[in-house]
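Student: Just so you know, my numbering puts the end of the sequence shown at 194, numbered straight through with nothing missing.
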Amino acid sequence: MNLPITREKAIEVLKSQNPEEFDFIHYLMSEAVMREVALKLGEDQGYYGVLGLLHDVDWTLTKKDVKTHLTLAPEILKSMGFDSEFIENVLSHGYGFEELPELKDKVRTKKIEWALAASETLTGLVYAYALMRGKKISDMELKGLKKKFKDKAFAAGCSRDIITEIEKTGLTLDELLECGINGIKKIKSEIGLE
Ligand SMILES: [Fe+2]
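(1) Since residue 60 and residue 68 should fall inside the 8 Å C-beta cutoff, what is the C-beta to C-beta distance between them, to a whole number of angstroms?
(2) Quick check on residue 183: buried or exposed, where buried means 16 or more other Cβ atoms within 10 Å of its Cβ?
(3) Nearest-angstrom Cα distance between residue 125 and residue 100?
(4) Does the Cβ-Cβ distance between residue 196 and residue 118 come in under 7 Å?
(5) Closest to residue 30 by C-alpha separation, out of 104, 105, 57, 109, would be which residue?
(6) Does ligand 1 have a heavy atom nearer than 6 Å to the CB of residue 58?
(7) Do residue 20 and ligand 1 come close, with the Cβ less than 6 Å from some heavy atom?
(8) Can you determine whether any heavy atom of ligand 1 sits closer than 6 Å to the C-beta of residue 120, and answer yes or no?
(9) Closer than 7 Å by C-beta to residue 44: which residues in its own chain qualify, once you throw out the five before and the five after it? Chain order, please.
(10) Between the region 91–107 and the region 128–135, do at least 3 Cβ pairs fall closer than 8 Å?
(11) Taking the alpha-carbon positions, what's the residue 111 to residue 87 distance?
(12) What residue from 178, 41, 121 has the CA that sits closest to residue 144's CA?
(13) Between residue 25 and the rest of its own chain, which residues show a CB-CB distance below 8 Å, the 5 nearest in sequence each way excluded?
(14) Taking 7 Å as the threshold (C-beta atoms), are residue 170 and residue 33 in contact?
(15) How about residue 154 and residue 146: are their beta carbons less than 7 Å apart?
(16) Drop a sphere of 10 angstroms on the beta-carbon of residue 84, count the other beta-carbons inside from all chains shown, and report buried for 16 or more, exposed for fewer.
(17) Using the Cα positions of residue 176 and residue 120, report the straight-line distance between them to the nearest angstrom.
(18) For residue 18, does the count of other Cβ atoms within 10 angstroms reach 16, so buried, or fall short, so exposed?
What follows is the structure, encoded as structure tokens:
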């Protein structure tokens with residue numbers, strides 16, 4: 001699939017908004033997990049990766065007023081040269097959110113949409129677990145992460161229902177959790193983990 005800009009350019013655009021450190025970490029983790037998921041699904045890693053990287057492209061600009069999240073994304077992405085399909089893929093991670101008037105009544109129907117929503121939500125769980133383990137991810141195992149997944153009080157903001165949407169793509173929850181660990185391990189030094 002064709003992308004109108006390079007990953008480097010996408011990073012540049014995100015950085016030019018002066019994102020908070022954790023938000024930028026979230027973008028990098030979402031990219032990393034999406035790349036692993038694409039590999040497992042036999043899909044385009046470059047496309048899935050950039051979609052993960054840019055899924056919250058207007059977050060820094062809208063976070064003060066959450067109900068406006070994803071209202072600026074279409075224009076920003078259009079100006080970067082992305083097509084309407086990419087833009088809809090980005091918007092789909094906001095489907096079903098009560099806070100987002102334009103998107104709350106929509107439902108995800110495509111593999112790439114379930115993959116994005118599940119992957120970006122999982123990043124919060126993996127990161128919180130890594131912090132709990134003294135920022136260590138290099139020896140994180142599936143078994144431990146599964147326990148944290150089942151403990152609904154842990155990183156309670158990470159919707160277990162959305163993470164479970166991965167099953168609609170044909171991957172199992174375990175496979176996604178492994179993608180989460182493996183993907184984020186690969187970028188650990190960039191995001192302050194070890
Ligand atoms: Fe996100």
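Glycine residues also receive a C-beta, built at the ideal position from the N, C-alpha and C atoms.
Tutor: This is what the structure gives:
(1) The pair is not a contact, with the Cβ atoms about 12 Å apart (cut-off 8 Å).
(2) buried
(3) 23 Å
(4) Look at the range of the chain in this structure, 1 to 194, and you will see that residue 196 is not part of it.
(5) 57
(6) no
(7) no
(8) yes
(9) 1, 38
(10) no
(11) 15 Å
(12) 178
(13) 127, 191, 192
(14) no
(15) no
(16) exposed
(17) 11 Å
(18) exposed
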